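Chemist: First residue of the sequence shown: 6, per the working numbering; consecutive thereafter.
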Amino acid sequence: MPRTKKTEVVEEKKTENEFNFRNPIKRDFDVIKYIVATEKTNILKDTNNSIVLAVDPKASKDEIKNAVQAIFGTKVSAVNTINTLPKKRRVGRYTGYNTRIKKAIIKFDSSIDLGKLNDAVASEEMKASKVEE
6 MPRTKKTEVV EEKKTENEFN FRNPIKRDFD VIKYIVATEK TNILKDTNNS IVLAVDPKAS
66 KDEIKNAVQA IFGTKVSAVN TINTLPKKRR VGRYTGYNTR IKKAIIKFDS SIDLGKLNDA
126 VASEEMKASK VEE
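1. To the nearest angstrom, report how far apart residue 115 and residue 73 are at their CA atoms.
2. Could you spell out the range, first to last residue, of the beta strand (DSSP E) harbouring residue 58?
3. In the structure shown, what three-state DSSP assignment does residue 82 receive?
4. Kindly indicate which residue of 103, 88, 89 has the alpha-carbon position closest to the one of residue 95.
5. To which residues of the same chain is residue 85 closer than 6 Å at the C-beta, ignoring the five residues directly before and after it?
6. Less than 8 Å between C-beta atoms, sequence neighbours within five positions excluded: which residues of the same chain meet that for residue 62?
7. By how many angstroms is the C-alpha of residue 35 removed from the C-alpha of residue 26?
8. Suppose contacts are defined by Cβ-Cβ distances below 7 Å. Is residue 75 in contact with residue 124 by that definition?
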């Protein structure tokens, strides 16, 4: 019978920066993509004190709520989501589809003024655009 050495199994410790593909941690800006700005969303903003965001299609309502509270620093009272299917589009003789997005209607408390929130977001965008130049 041949002699073999026994190999020891060494467990590697995971660092905080290591990405786990089975259970990925979504960052706040990975969940929220952009603000949907249409006439209907402006009416919602004025009447219901809510905004509409395009979010990651795999994000849950809890993840969306936590991301909005972390980014805007405000309390969210309700989150409603809408899955939109991709629409068929043509460019010349070629056909394709728009990307699938998930819309989230975020309702804030009545004590929060969305005008001040919009001004804060606009000022942050101005700072970011100056830094890029």
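Ideal Cβ placement from N, Cα and C applies to all residues, glycine included. Because the structure is a prediction, the values reported are computed rather than measured.
Modeler: A quick look at the data gives this:
1. Locating residue 115 in the sequence shown gives position 110, counting from the first residue. Locating residue 73 in the sequence shown gives position 68, counting from the first residue. In a straight line, the C-alpha of residue 115 is about 16 Å away from that of residue 73.
2. Start at 1 with the first residue of the sequence shown, and residue 58 comes out as number 53. That run of the beta strand (DSSP E) goes 55-60.
3. What you label residue 82 is simply residue 77 of the sequence shown in a count that begins at 1. Strand at residue 82.
4. Here residue 95 refers to the residue found at position 90 of the sequence shown. Check the Cα spacing between residue 95 and each of 103, 88, 89: the tightest is with 103.
5. Your numbering for residue 85 matches position 80 in the sequence shown. These residues qualify, in order along the chain: 110.
6. Taking the sequence shown and counting its residues from 1, one reaches residue 62 at position 57. Around residue 62: 88, 105, 106, 107.
7. Translated into positions along the sequence shown, residue 26 becomes position 21. Translated into positions along the sequence shown, residue 35 becomes position 30. Here the model assigns residue 26 a pLDDT of 47, short of 50, so the residue's position is not dependable and the matter cannot be decided.
8. Counted from its first residue, the sequence shown places residue 75 at position 70. Counted from its first residue, the sequence shown places residue 124 at position 119. The Cβ atoms of residue 75 and residue 124 lie no closer than 7 Å to each other.
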